[in-house]
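Taking it in order: structure first as structure tokens, then the write-up.
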Amino acid sequence: MSIGVNCSHCFPRHRPNSPTIVSSSSSLSSIIVCNMDTSAGPSLFPLHRCKTLHLVRHAQGIHNVDGDKNYKAYMSPEYFDAHITPLGWQQVDNLRKHVHECGLAKRIDLVITSPLLRTLQTAVGVFGGDGYTERMDVVPLMVANAGNSGRAAISSLNCPPIVAVELCREHLGVHPCDKRRNISDYQFLFPAVDFSLIESDEDTWWKADVRETKEEVAARGQKFLNWLWTRKEKEIAIVTHSGFLFHTLSALGNDCHPLVKKEICKHFANCELRSMVIVDRSMIGFDPSMTNYPGKTPSGLDLPSDVVDEKAD
Numbered sequence: 001m002s003i004g005v006n007c008s009h010c011f012p013r014h015r016p017n018s019p020t021i022v023s024s025s026s027s028l029s030s031i032i033v034c035n036m037d038t039s040a041g042p043s044l045f046p047l048h049r050c051k052t053l054h055l056v057r058h059a060q061g062i063h064n065v066d067g068d069k070n071y072k073a074y075m076s077p078e079y080f081d082a083h084i085t086p087l088g089w090q091q092v093d094n095l096r097k098h099v100h101e102c103g104l105a106k107r108i109d110l111v112i113t114s115p116l117l118r119t120l121q122t123a124v125g126v127f128g129g130d131g132y133t134e135r136m137d138v139v140p141l142m143v144a145n146a147g148n149s150g151r152a153a154i155s156s157l158n159c160p161p162i163v164a165v166e167l168c169r170e171h172l173g174v175h176p177c178d179k180r181r182n183i184s185d186y187q188f189l190f191p192a193v194d195f196s197l198i199e200s201d202e203d204t205w206w207k208a209d210v211r212e213t214k215e216e217v218a219a220r221g222q223k224f225l226n227w228l229w230t231r232k233e234k235e236i237a238i239v240t241h242s243g244f245l246f247h248t249l250s251a252l253g254n255d256c257h258p259l260v261k262k263e264i265c266k267h268f269a270n271c272e273l274r275s276m277v278i279v280d281r282s283m284i285g286f287d288p289s290m291t292n293y294p295g296k297t298p299s300g301l302d303l304p305s306d307v308v309d310e311k312a313d
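Read in order, the letters of the sequence shown are residues 1 to 313 in full-length UniProt numbering.
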């Protein structure tokens, strides 16, 4: 049973129709959502109105190496749509090993990735199939040496679908490392990734002279969370970026215990994975429960004793 902390009204607090995110330490059989006021005690929430999200920041990119030393390096055109470093690929391999050893790889229904090279490389490297063997009827998730990776092709067999979504891109504007290339270029490098949800081949979102505000990133994150409720999948991995995660999650958990708030929104390390539960309190989406059972099969008398007591009173 996964235990979290209630973050009601938390994205943003003046919008009660927004979904809620809570920390998750295990797979769900039921969910208890606890109020910040511990004297109020725990409360229950229906499982079929919850989704489990596994949030992943991309592995180390070439822009991170110089950017960590000098923030102005992020302005360099040479880091346009930055790819993963050799150390970053080691991080990918280690996270892949973890998700298989802990059983997570078998539970994920869908992988969503930002359509930038470093997130695509991370997504297919962590959640994709094994080494690709050429077959006429199967295309690879990633071709060999995609993005100067020096890596072998990755199979699209025995793995969840991977879908690229613009809404979870990095903080937009000014930094060339956060500008994507044409989708047609990615389709050549990542043939089995689904790019059908992206409307424009060219990058129309990134502006050279205008950078998104923190509030705009958070609002885009809210739109992304609401979009998730249009998906039928219940357990979803999301491969995205530090800035997007930080600004989106920082707008959540304002009524949580400070330690839980800190756990939710602290900066992600490269290739870090955190599991959360998103709760639909307002019926943004609705999927019938796959585990509830109506009872009375066969039908019979079943008046509870406490109802008899109430009538007697």
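All C-beta atoms in this analysis are idealised placements derived from N, C-alpha and C, irrespective of residue type, glycine included. Being a predicted model, the structure only gives us computed values, none of them experimental.
Here's the rule: buried if 16 or more other CB atoms are within 10 angstroms of the residue's CB, otherwise exposed. What is residue i?
{"i": "residue 300", "result": "exposed"}
{"i": "residue 147", "result": "buried"}
{"i": "residue 295", "result": "exposed"}
{"i": "residue 140", "result": "buried"}
{"i": "residue 60", "result": "buried"}
{"i": "residue 92", "result": "buried"}
{"i": "residue 100", "result": "exposed"}
{"i": "residue 30", "result": "Its pLDDT being 32, under 50, residue 30 is placed unreliably by the model, and the measurement read from it follows with that caveat. Exposed."}
{"i": "residue 270", "result": "buried"}
{"i": "residue 290", "result": "exposed"}
{"i": "residue 303", "result": "exposed"}
{"i": "residue 288", "result": "exposed"}
{"i": "residue 228", "result": "buried"}
{"i": "residue 188", "result": "exposed"}
{"i": "residue 97", "result": "exposed"}
{"i": "residue 132", "result": "buried"}
{"i": "residue 298", "result": "exposed"}
{"i": "residue 180", "result": "buried"}
{"i": "residue 103", "result": "exposed"}
{"i": "residue 155", "result": "buried"}
{"i": "residue 51", "result": "buried"}
{"i": "residue 142", "result": "buried"}
{"i": "residue 14", "result": "Note that residue 14 scores 34 on pLDDT, short of 50, meaning its location in the model is unreliable and no value can be drawn from it."}
Could you spell out where the beta strand (DSSP E) holding residue i opens and where it closes?
{"i": "residue 51", "result": "50–57"}
{"i": "residue 235", "result": "235–240"}
{"i": "residue 217", "result": "Unbroken run through residue 217 is the alpha helix (DSSP H), 214–228; no beta strand (DSSP E)."}
{"i": "residue 164", "result": "162–164"}
{"i": "residue 345", "result": "In this structure the chain extends from 1 to 313, so residue 345 is not present and cannot be described."}
{"i": "residue 274", "result": "273–279"}
{"i": "residue 154", "result": "Neither: residue 154 is in no beta strand (DSSP E) and is coded neither H nor E."}
{"i": "residue 113", "result": "110–113"}
Residue i: which of the options sits nearest, CA to CA?
{"i": "residue 219", "options": "127, 249, 67", "result": "249"}
{"i": "residue 196", "options": "175, 222, 166", "result": "166"}
{"i": "residue 224", "options": "203, 187, 266, 278", "result": "278"}
{"i": "residue 159", "options": "135, 171, 127", "result": "127"}
{"i": "residue 203", "options": "272, 80, 75", "result": "80"}
{"i": "residue 247", "options": "78, 257, 222, 206", "result": "222"}
{"i": "residue 88", "options": "151, 282, 104, 228", "result": "151"}
{"i": "residue 123", "options": "213, 53, 164", "result": "164"}
{"i": "residue 209", "options": "240, 174, 298, 260", "result": "174"}
{"i": "residue 84", "options": "256, 241, 191, 305", "result": "241"}
{"i": "residue 63", "options": "257, 51, 86", "result": "86"}
{"i": "residue 231", "options": "280, 262, 266", "result": "280"}
{"i": "residue 138", "options": "157, 153, 125, 149", "result": "157"}
{"i": "residue 135", "options": "125, 293, 153", "result": "153"}
With respect to the alpha helix (DSSP H) encompassing residue i, which residues constitute its N-terminal and C-terminal limits?
{"i": "residue 315", "result": "Because residue 315 is not part of the residues shown, which for the chain are 1 to 313, the question remains open."}
{"i": "residue 122", "result": "117–127"}
{"i": "residue 184", "result": "183–189"}
{"i": "residue 259", "result": "258–265"}
{"i": "residue 146", "result": "No alpha helix (DSSP H) contains residue 146, which DSSP labels as neither H nor E."}
{"i": "residue 62", "result": "62–67"}
{"i": "residue 104", "result": "104–107"}
Are the CB atoms of residue j and residue i within a distance shorter than 8 Å?
{"i": "residue 321", "j": "residue 245", "result": "There is simply no residue 321 to check, as the chain begins at 1 and stops at 313 in what is shown."}
{"i": "residue 118", "j": "residue 82", "result": "yes"}
{"i": "residue 116", "j": "residue 169", "result": "yes"}
{"i": "residue 130", "j": "residue 161", "result": "no"}
{"i": "residue 172", "j": "residue 215", "result": "no"}
{"i": "residue 273", "j": "residue 120", "result": "no"}
{"i": "residue 54", "j": "residue 275", "result": "yes"}
{"i": "residue 178", "j": "residue 206", "result": "yes"}
{"i": "residue 191", "j": "residue 77", "result": "no"}
{"i": "residue 182", "j": "residue 201", "result": "yes"}
{"i": "residue 217", "j": "residue 243", "result": "yes"}
Touch test, the segment 234–243 against the segment 104–118, Cβ-Cβ under 8 Å, three pairs minimum: Yes, since at least three Cβ pairs between the segment 234–243 and the segment 104–118 fall closer than 8 Å, the two stretches touch.
Quick check: the segment 66–76 against the segment 45–57, are there 3 or more CB pairs under 8 Å? Contact fails: fewer than three Cβ-Cβ distances are below 8 Å.
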